[in-house]
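Chemist: The structure is given below, and queries will be raised subsequently.
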Ligand code: 13P
């Protein structure tokens, strides 16, 4: 299984020029790592159409989408519209959407269904909740996991990329505290166990489960050294092409080392 490194640009960068430059710097280097690493860039909606011309090895992702497929829904974007611009992935259930925009588990569940229907790969974040603390993460993750996967078949579950992203470890949060790589490893393994209960141990072992929260060039080796962690969802560090490249390279090196 290839390692997966996903950039979540959030509401950045400030101009299309910067967006184009960021993505092309990664795109031009992808042939050095593409046999072991897949990179996805989740850009703001309005940059997706122009960026689609510059992405060949890098895949494009959206940061959200509507659970409805069409109709009079002001301000929303549909899965079908995303597909028009070669978008292959979509982040769903990010803690910023849960905390600031009222996104609930049932909305995330509906969005997962819609994404799968239109063959978009859902990148589903677990770990965002107001009272999240290190010691109650298993409880939060298992509750969120159960709720967002309600009524999904085994086949559907296997198409999802899950991310353990504790909200308190996100670099831009007030009082942010980076998670230890031990904690990340334990929680990724915990999430894999939850998956195994639904799809069996062998299938769960083959699914990508990522970690997100202040991953950057200085600490990436702490996370990449654990084979349980299939890659990273990267916020702030993905806005600096050199920082982002070091993260990609480190997972690549680790992958080569183990093969
Ligand atoms: P940071 O890497 O800035 O902590 O952001 C993580 C994140 O929210 C990615 O979705």
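Numbering (the working numbering), first residue to last: 46 to 304.
For each residue, glycine too, the CB sits at the ideal point set by N, CA and C.
Kindly confirm or deny that the region 109-129 and the region 62-69 touch, where touching means at least three C-beta pairs closer than 8 Å.
Modeler: Touching, no.
Chemist: Taking all protein chains shown into account, decide if residue 117 is buried (16 or more other Cβ within 10 angstroms of its Cβ) or exposed.
Modeler: Exposed: under 16 other Cβ atoms inside 10 Å.
Chemist: Tell me which residues share the same chain as residue 83 and place their Cβ nearer than 6 Å to its Cβ, disregarding the 5 neighbours each side in the sequence.
Modeler: Cβ neighbours of residue 83 beyond the five flanking positions: 47, 49.
Chemist: For residue 170, which beta-bridge partners are listed by DSSP?
Modeler: Paired residues: 208.
Chemist: Specify the secondary structure class of residue 157 as computed by DSSP and reduced to three states.
Modeler: Three-state result, residue 157: helix.
Chemist: Is it buried or exposed for residue 145, if we count other Cβ within 10 angstroms and need 16 for buried?
Modeler: Exposed: under 16 other Cβ atoms inside 10 Å.
Chemist: Give the secondary structure of residue 222 by DSSP, where H, G and I count as helix, E and B as strand, and everything else as coil.
Modeler: Here residue 222 sits in coil by DSSP.
Chemist: Between 196, 273, 294, 59, which has its C-alpha nearest residue 77's C-alpha?
Modeler: Checked all of 196, 273, 294, 59; the closest Cα to residue 77 is 294.
Chemist: Under 8 Å by Cβ, that's how I've got residue 235 and residue 186 pegged, so tell me the actual separation to the nearest angstrom.
Modeler: Right, their Cβ atoms sit about 7 Å apart.
Chemist: For residue 179, does the count of other Cβ atoms within 10 angstroms reach 16, so buried, or fall short, so exposed?
Modeler: With fewer than 16 other Cβ atoms within 10 Å, it is exposed.
Chemist: Could you have a look at residue 277 and say whether DSSP puts it in helix, strand or coil?
Modeler: In the structure shown, residue 277 sits in a strand (DSSP, three-state: E or B).
Chemist: Quick check: is any heavy atom of the ligand 13P less than 8 Å from the C-beta of residue 210?
Modeler: Yes.
Chemist: Could you give the distance in angstroms between the alpha-carbon of residue 130 and the alpha-carbon of residue 161?
Modeler: Rounded to the nearest angstrom, the two C-alpha atoms are 17 Å apart.
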